[in-house]
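First up is the structure itself, then whatever we jot down about it.
There are 2 protein chains.
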Amino acid sequence: MTVSPSPVAAETSYRSRYGSASFTPPAAWNAVLAQQLSHRSVRAFRPDPVPDDTLAALVAAAQSAPTSGNLQLWSVVAVQDDGRRARLAELAGEQGFIAEAPLFLVWLADLARARQITTELGSATAEGADFVEAALLAFVDVALAAQNASLAAESLGLGTVFVGAIRNRPLEVAAELQLPPNVFPVFGLTVGRPSGFDGTAVKPRLPQQVVLHHETYSAASQTADLHRYEETLNSFYAEVGLPAGWISRVAGRFGSVAGLRGREHLREALRTSGFQLR
Amino acid sequence: MTVSPSPVAAETSYRSRYGSASFTPPAAWNAVLAQQLSHRSVRAFRPDPVPDDTLAALVAAAQSAPTSGNLQLWSVVAVQDDGRRARLAELAGEQGFIAEAPLFLVWLADLARARQITTELGSATAEGADFVEAALLAFVDVALAAQNASLAAESLGLGTVFVGAIRNRPLEVAAELQLPPNVFPVFGLTVGRPSGFDGTAVKPRLPQQVVLHHETYSAASQTADLHRYEETLNSFYAEVGLPAGWISRVAGRFGSVAGLRGREHLREALRTSGFQLR
């Protein structure tokens, strides 16, 4: 653990997460919360390899996450080869840190095992695996697992960043990793020792009342809160030297098909990979 | 923290997770790994309420999880009302523990905020949000967040269990929670103090080499490993008094449409809710 739990750390951590003096920090605090609250994405890495023993601990943490019905509908490929990381970096929007970091974990929705088991026991088609529900089970399973791995890595002094851009060209990523049918790359996780020069910090999130609803959903105060958040985040962006604008970024992502950067073909890529999404 | 990190705890925890003396426990160990490795699902709860301050800490942990492009495409409804928990318990496969536990968190894929932001900035349709990619972003975001909340709850001495069965009748769940269009209930999380009488224990997972691949995907040794796991898990089931059979359970889930228990209609329910899955 790099963070020692103390009341001072608690107050600072909670306030950093919301970027606001108006948030009242809860009293609840311990080493797990300290680690979670201090999360930041790291995009600059030293080249030191991640030892096999550490990788085994990360995967054990991932496998310790809940999984629907104990189905365990995920796998992970650990990519350490320089050439392969360079090729994946290019496929994932030319993000150089993927090649720079020693370890790139590619997290897979894996229906291949379940289909094999099911067909061996006599169901010719494993028809249930053709449905949106099966894909959703796998997407949720793999995300729960990867979040445990990411937090475990951070607790061991490593930095991480999730990489959704492997979905820009998922079939080429699948070919690079020799994925069989019914296995799909959902996101990557870059892992390595932070170089200390990337300037990232704990990023403020939306005010808690925007995401937390009591008994029923209410968006009553949402518009004012979103604009307040825009201001909070702009202060943060100014501090770390990034251009302003959260609302405009969200709109840029969803305003047109171009914002999806190739991921408008995701349904077709999933179907090609065996995820029928019925 | 209820678990103090020590080498003895490390070895025991790693071995329990794999149910096997053949797994070599990694040296890596700390309070975060200890908490993660000790995860078990809890399905019997005391009625003591979860304090507001604790709920605020769980949501802060959830919001501290990574989120793609800082889009934060999720919300959560905290259900504490007795009647509402009872109705949700019935909608979710008559699982009584949902009514018994003091808190039921319903985790939502939320594209409503992003659509509102996007249309207010002039894109009439927020067309990007119609794609499978937008739904996937939200499913992954909400799972990363919920896993942080679940681990945080466990670190505070609470028990949790994820409930996918709210997807059996998702539109009725949405109506109960007054969800607007473009907001969909993905899973529930039951939270409360464990009663101590539910007999659950740390469940062994698949051998690590089944889910962890190096450089490329390989299912070469998989069949033998799956049968070895069946034996490991049957020993576990015998210890905790549950019926044997992992392979048959997987096959039962995917062998036919009936195994989906209503979730074969998930695609239609998502579309009705505004997730077009283009």
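From first to last, the protein sequence lines stand for chains A and B. One point on numbering: in our numbering, the residue at position 272 of the first sequence is 272, and numbering is uninterrupted. One point on numbering: in our numbering, the residue at position 52 of the second sequence is 330, and numbering is uninterrupted. Note that beta-carbon positions come from the ideal geometry of N, C-alpha and C, so glycine has one too.
Under the 8 Å criterion on CB atoms, Glu493/B is classed as interfacial with respect to chain A. At a beta-carbon threshold of 8 Å, the residues of chain B lying near Thr54/A are Pro304 and Ala306, ordered along the chain.
Within the same chain, Val42 and Pro194 come within 6 Å of Gly159/A by CB-CB distance, once the 5 residues on both sides are set aside. For the set Glu264/A, Gln80/A and Arg278/A, the Cα lying nearest the Cα of His543/B is the one of Arg278/A.
Under DSSP, Ser353/B takes part in a beta bridge, and its partners are Leu386/B. Within the same chain, Cβ atoms closer than 7 Å to the Cβ of Ala138/A are found at Leu73, Trp74, Ala109, Asp110 and Leu111, the five residues on either side in sequence being excluded.
Using a CB distance cut-off of 8 Å, Gln208/A counts as an interface residue toward chain B. Its Cα nearest to that of Gln487/B, the residue Val59/A stands out among Val250/A, Val59/A and Ala258/A. One alpha carbon belongs to Gly470/B, the other to Glu268/A, and they sit about 42 Å apart.
For Ala224/A and Ala377/B, the gap between their C-alpha atoms comes out near 35 Å. Contact between the stretch 27-34 of chain A and the stretch 422-440 of chain B is established, with three or more Cβ pairs separated by less than 8 Å. If the five residues before and after Glu172/A are omitted, its C-beta is found closer than 6 Å to the C-beta atoms of Leu91, all from its own chain and listed in chain order.
Not one beta carbon of chain B lies nearer than 8 Å to the beta carbon of Asp82/A. Beta-bridge pairing by DSSP links Leu467/B to Leu383/B and Phe440/B. Exposed is the label assigned to Ser235/A, since fewer than 16 other Cβ atoms lie within 10 Å of its Cβ. The Cβ atoms of Ala392/B and Leu349/B sit closer than 8 Å to each other. Apart from sequence neighbours up to five positions away, the residues of its chain that approach Glu11/A with a beta-carbon distance below 7 Å are Pro25, ordered along the chain.
If you draw a straight line from the Cα of Arg539/B to the Cα of Pro448/B, it is about 12 Å long. Taking a cut-off of 8 Å for Cβ pairs, the stretch 171-190 of chain A and the stretch 483-499 of chain B touch, as three or more such pairs fall below it.
With respect to chain B, the C-beta atom of Arg263/A has a partner C-beta closer than 8 Å. Contact between the stretch 399-414 of chain B and the stretch 323-339 of chain B is absent, with fewer than three C-beta pairs closer than 8 Å.
For His227/A, not one C-beta of chain B is nearer than 8 Å to its own C-beta. Taking 8 Å as the cut-off, the beta carbon of Ala65/A is found closer than this to the beta carbon of Gln425/B.
For Gln554/B, no CB of chain A lies under 8 Å from its own CB, so it is not counted at the interface with that chain. The three-state reading of DSSP puts His492/B in strand, counting E and B together. Phe45/A has Pro194/A as its beta-bridge partners, per DSSP.
Arg527/B: member of the alpha helix (DSSP H) spanning Ile525 to Phe532, first to last residue. Your pair Phe440/B and Ser68/A checks out as a contact, with CB atoms roughly 7 Å apart and the cut at 8 Å.
Taking Leu381/B as the centre and dropping the five residues before and after it, the same chain places the C-beta of Pro327, Val328, Leu333, Ala356, Val357, Gln358, Thr468, Val469 and Gly470 closer than 8 Å to its C-beta, in chain order. Taking C-beta atoms as the reference points, Phe465/B and Gly442/B count as a pair closer than 8 Å. If you look at His505/B, you'll find it in the alpha helix (DSSP H) that goes Gln500 to Val518.
Taking C-alpha positions only, Gly374/B is separated from Gly523/B by approximately 24 Å.
Per DSSP, the unbroken alpha helix (DSSP H) holding Val418/B starts and ends at Val410 to Ser433. Interface residue (Cβ-Cβ distance to chain B less than 8 Å): Leu151/A is classified as such.
What Arg205/A touches in chain B, judged by beta-carbon distance under 7 Å, is Gln341 and Gln350, going in chain order.
Identification of chain A residues near Glu411/B by a Cβ-Cβ cut-off of 8 Å yields Arg167, Leu260, Arg263, Glu264 and Leu266, ordered along the chain.
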